[in-house]
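S.K.:
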Amino acid sequence: MPKGQVIKPEEVRKPGVLKFNDIVLNQYQKTIKDEKENFTKDEFLRIYRDMLYIRQFEDMLFELRANKQWKGVEYQYSGPAHLYTGQEAAAVGQAFILDKDDFTFGSHRSHGEIIAKGLSCIVKLEDDELMTIMNDVFEGSIIGPVRDQQKDTEDVRALAVDFLFYGIMAELFGRKTGFAQGLGNSMHAFFTPFGVYPNNAIVGGSAPIAMGAALYKKINKKKGICISNSGDGSLGCGPVWEAMNMAAMDQMNELWDDAYKGGLPIIFNFFNNQYGMGGQTNGETM
300 MPKGQVIKPE EVRKPGVLKF NDIVLNQYQK TIKDEKENFT KDEFLRIYRD MLYIRQFEDM
360 LFELRANKQW KGVEYQYSGP AHLYTGQEAA AVGQAFILDK DDFTFGSHRS HGEIIAKGLS
420 CIVKLEDDEL MTIMNDVFEG SIIGPVRDQQ KDTEDVRALA VDFLFYGIMA ELFGRKTGFA
480 QGLGNSMHAF FTPFGVYPNN AIVGGSAPIA MGAALYKKIN KKKGICISNS GDGSLGCGPV
540 WEAMNMAAMD QMNELWDDAY KGGLPIIFNF FNNQYGMGGQ TNGETM
């Protein structure tokens, strides 16, 4: 904290009024027709495909958790199943413009964000870079089983999509070929080569961690931004507000050298599904 600021009692104790600018709500009201000039047909199809991938992945997980089978394949899954069903568009829309230099930090309900961010990176990365990533992760132990089942080994992006889903599924099922060798499971899955950083089972836990990562990026002049993803219930958690407060400190504009002035490269994103765990947040003081 600074020690050189001059504090004048007549200034800090004089009467005044705090004024705020208006906070806009629900400003985006465009239709697909309105956006047709901003996206290609292939991009629209990819957006839909990615949302469908997430929905089918979560449907599969629900069936395994509830009925111990999926489409005739029996499997005993007793782990957490905090599903992303209904929020697919939010994850895919966010990931669409991000790349591997942008870091996302999620919550206990972040399967969709991992899938969407991974699929977005696969589209943006060159084939050589994708192959390097897949071959280097745990000395190729994840890509090995995937390659053995891949019919067209020349299609690197198709291989990468299978690699992504295999790594996530193996992680959820506690297998050594998972992205964290089965130690992270559903609520702590991550894959840093694609900019997906560890998710957090503690409600609101990603906010201060993402803020710290954004501070690291700013100080070291690294590319990309950081995104804290959590639900509306997390706004009842103190560390979330502390992280937002620190990210907006005036000291960054007034005390830092010119080359470092400005806010942190961070977005605090809240998925408002109107529920915090099993209770509705509407009307609560956050």
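Every letter in the sequence shown is one number past the one before it in the working numbering, and letter 161, counting from 1, is 460.
A virtual CB, placed ideally from N, CA and C, is assigned to each residue, including glycine.
All values derive from a computational prediction rather than experimental measurement.
1) Taking PHE569 as part of the beta strand (DSSP E), name the residues at either end of that continuous run.
2) May I ask which residues mark the beginning and end of the alpha helix (DSSP H) holding THR431?
3) SER406: buried (16+ other C-beta within 10 angstroms of its C-beta) or exposed?
4) Using 9 Å as the threshold, is the C-beta distance between ILE414 and ILE353 below it?
5) DSSP state of CYS536, grouped into three classes?
6) Give every residue of the same chain whose Cβ lies closer than 8 Å to the Cβ of LYS521, excluding the five residues on either side of it in the sequence, and list them in chain order.
7) Drop a sphere of 10 angstroms on the beta-carbon of TYR574, count the other beta-carbons inside from all chains shown, and report buried for 16 or more, exposed for fewer.
8) Please determine, among TYR327, LEU360 and SER377, the residue with the shortest C-alpha to C-alpha distance to ILE467.
9) Nearest CA to the CA of ALA266: which residue from PRO314, PHE567 and TRP555?
10) Whole angstroms are fine: how far does the CA of ASN366 sit from the CA of GLU373?
11) Helix, strand or coil: which one does DSSP assign to GLN550?
12) Would VAL539 and PRO564 qualify as a contact pair, given that the criterion is a beta-carbon distance under 9 Å?
13) Measuring CB to CB, does PHE437 end up less than 9 Å from THR476?
M.R.: The short version:
1) 565-570
2) 426-435
3) buried
4) yes
5) coil
6) ASP400 and TYR515
7) exposed
8) LEU360
9) The structure shown does not extend to residue 266, since the chain spans only 300 to 585, so no value can be given for it.
10) 9 Å
11) helix
12) no
13) yes
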